[in-house]
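Asker: Just so we're aligned: 155 in our numbering is position 155 of the sequence shown, and the numbers increase by one with no gaps anywhere.
One structure, pasted below without further comment.
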Amino acid sequence: MPPLFHPSPVNGPFDDPGVYVDFLFERRAILFDLGDTAPLPPRKVLRISDIFISHTHVDHFIGFDRVVRLCLGREKRLRLYGPPGFADQVAHRLAGYTWNLVESYPTDFTVEATELAPGCGVRTVEFHCRREFVPENERWGTIAGGILMDEETFRVRTAFLDHGTPCLAFALEEKLHVNIRKNRLAEMGLPTGEWLRALKKAILRGEGDDIPFRAWWRDGSVVRERIYPLGELRERLVGIAPGQRVVYVTDAGFTPENRARIVDLARGADYLFIEATFLHAEDERARQRGHLTARQAGELAREAGAARVIPFHFSPKYRGMEELLRKELEDAFGRNAGRVTLTPTGAETAG
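Put into structure tokens, the structure is as follows:
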């Protein structure tokens with residue numbers, strides 16, 4: 001079954017943290033952290049619908065201005081999520097520029113900033129380009145179970161970690177993976193098309209087997225259709241498997257509380273992106289700086305039962321020693337038979 005999510009690091013492991021997740025079959029992507037985005041071409045930036053910020057240290061948020069600049073003049077809503085105080089920080093960044101000409105824009109690029117409080121409260125503020133990005137439409141709410149976003153096919157869950165400041169970790173969870181058996185499609189004489197996306201969504205919504213479903217497609221200038229009971233299409237065309245889980249963890253000390261929250265969030269992850277900032281010989285320095293060592297990252301990945309672990313956020317002091325960090329993590333992870341990493345371009349490699 002082709003995976004729905006295609007995650008890849010934005011930068012190399014010694015550079016600003018960030019993971020770009022492209023969605024299969026959709027003109028959409030999400031981004032974890034917003035450091036240097038120069039490696040992302042404009043077309044990829046413009047696919048982004050949601051950005052999840054762990055915290056606002058400069059290497060995790062410096063890319064905000066480039067994203068805003070690329071989105072100006074477009075009819076687009078960009079949603080950002082971050083820790084306590086985040087909405088005001090977004091307001092200050094936007095207030096740092098002069099917007100006296102934007103009233104004449106034919107489009108209204110909108111930034112929506114949501115900040116979380118440790119007690120499960122959320123505050124959301126909107127900023128509209130054509131109104132000079134002044135804060136407006138403030139609203140408050142709560143979340144349950146750490147679920148920050150809940151859409152038809154996936155959800156995003158978050159957990160608070162301690163980095164001397166509140167820092168968020170995130171899990172992108174596909175609810176179920178619905179795959180179309182193309183050989184069965186051919187047997188039924190049905191073409192691919194937009195109707196298959198609607199079919200998947202109907203199945204994910206749990207609609208009943210007896211509900212009539214319309215399969216339609218264009219044959220030149222003619223629209224053709226067939227009506228089937230949803231249950232028949234489900235049985236003949238569809239395979240259902242557990243969904244993907246992509247987890248992003250950075251900037252957290254190896255405390256008992258952080259450890260428990262990371263393992264809980266990352267349990268069974270298909271991809272665990274986790275910082276490995278120091279070698280374990282410098283575990284005291286890691287503790288003082290609120291970071292993980294490579295060994296600690298590997299232990300957390302093993303304890304969580306992650307299928308793949310992708311380390312990042314290496315300290316620049318280890319340039320030229322990258323293999324030491326990777327080996328330490330792999331030894332702790334305990335899965336040396338096939339190292340799996342992702343390059344900044346998203347290509348998966350196995351060694």
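Using N, Cα and C, we set each Cβ at its ideal position, and we do this for glycine too.
Note that the structure is a prediction, hence the values are computed from the model and not measured.
Starting from residue 301 and walking both ways along the alpha helix (DSSP H), at which residues does that stretch end?
Answerer: Residue numbering aside, residue 301 sits at position 301 when the sequence shown is read from its first letter. Residue 301 -> alpha helix (DSSP H) spans 294 to 304.
Asker: What ranges does the alpha helix (DSSP H) occupy inside the region 78 to 132, keeping only unbroken runs of at least 4 residues that lie completely in it?
Answerer: DSSP runs (the alpha helix (DSSP H)) wholly in the region 78 to 132: 86 to 95.
Asker: Is residue 11 helix, strand or coil by DSSP?
Answerer: To locate residue 11, count along the sequence shown from 1; it is residue 11. Coil, per DSSP.
Asker: For the candidate residues 204, 231 and 240, whose alpha-carbon lies nearest to that of residue 181?
Answerer: Indexing the sequence shown from 1 puts residue 181 at position 181. Ranking 204, 231 and 240 by Cα distance to residue 181 puts 240 first.
Asker: Looking at C-alpha atoms only, which residue of 220, 280, 117 and 146 is the closest neighbour of residue 297?
Answerer: If you number the sequence shown from 1, residue 297 lands on position 297. Out of 220, 280, 117 and 146, 280 has the C-alpha closest to the C-alpha of residue 297.
Asker: My understanding is that residue 148 touches residue 55, with C-beta atoms under 8 Å, so please give their C-beta distance in whole angstroms.
Answerer: Stepping through the sequence shown from its first residue, residue 148 is reached at position 148. Stepping through the sequence shown from its first residue, residue 55 is reached at position 55. With 8 Å as the limit, residue 148 and residue 55 do not qualify as a contact, their Cβ atoms being about 15 Å apart.
Asker: For residue 107, would you say it is in contact with chain D, using Cβ-to-Cβ distances shorter than 9 Å as the test?
Answerer: Going by chain labels, chain D is absent from the structure shown, which holds only one protein chain.
Asker: With burial defined as no fewer than 16 other Cβ atoms inside 10 Å of the residue's Cβ, what is the status of residue 183: buried or exposed?
Answerer: To locate residue 183, count along the sequence shown from 1; it is residue 183. Exposed, because fewer than 16 other Cβ atoms sit within 10 Å of the Cβ of residue 183.
Asker: At a cut of 8 Å, does the region 276 to 294 reach the region 236 to 254 through at least three beta carbon pairs?
Answerer: The region 276 to 294 vs the region 236 to 254: in contact.
Asker: Would you mind working out which of 23, 12, 16 and 15 sits nearest residue 246, comparing C-alpha positions?
Answerer: Along the sequence shown, one-based indexing puts residue 246 at 246. It is 23 whose Cα lies nearest to the Cα of residue 246.
Asker: Within 8 Å: the Cβ of residue 67 and any heavy atom of the ligand SAH?
Answerer: Of the ligands one can find in the structure shown there are none, so the ligand SAH has no counterpart to examine.
Asker: Under 8 Å: do the region 124 to 139 and the region 149 to 164 share three or more Cβ pairs, one atom per stretch?
Answerer: Counting Cβ pairs under 8 Å, fewer than three are found: no touch.
Asker: In chain order, what residues of the same chain lie with their CB nearer than 8 Å to the CB of residue 228, ignoring the 5 residues before and after it?
Answerer: As a working note, residue 228 is residue 228 in the sequence shown. Excluding positions up to five away in sequence, the list reads 212, 213 and 215.
Asker: Less than 9 Å separating the beta-carbons of residue 112 and residue 74?
Answerer: Walking along the sequence shown from the start, residue 112 turns up at place 112. Walking along the sequence shown from the start, residue 74 turns up at place 74. In this structure, residue 74 does not lie closer than 9 Å to residue 112 by Cβ.
Asker: Using only alpha-carbon positions, find the residue among 193, 201 and 195 that is nearest to residue 176.
Answerer: Here residue 176 refers to the residue found at position 176 when the sequence shown is read from its first residue. If we check each option's Cα against that of residue 176, 201 comes out closest.
Asker: Using 8 Å for Cβ pairs, my map puts residue 278 next to residue 301. What's the rounded Cβ distance?
Answerer: By one-based count along the sequence shown, residue 278 stands at place 278. By one-based count along the sequence shown, residue 301 stands at place 301. That pair is no contact at about 16 Å.
Asker: If you count every other CB in all the chains shown that lies within 10 Å of the CB of residue 83, and 16 or more means buried, which is it?
Answerer: Numbered from its first residue, the sequence shown carries residue 83 at position 83. Residue 83 is buried by the Cβ-count criterion.
Asker: Once you ignore the five residues that flank residue 287 on each side, which residues in its own chain have a CB closer than 8 Å to its CB?
Answerer: Reading the sequence shown from its first residue, position 287 is the one you call residue 287. Hits under 8 Å: 253 and 254.
Asker: Note down the Cα distance separating residue 355 from residue 308, rounded to an integer number of angstroms.
Answerer: Summary: the structure shown does not reach residue 355, with the chain confined to residues 1 through 351, and so no result is reported for it.
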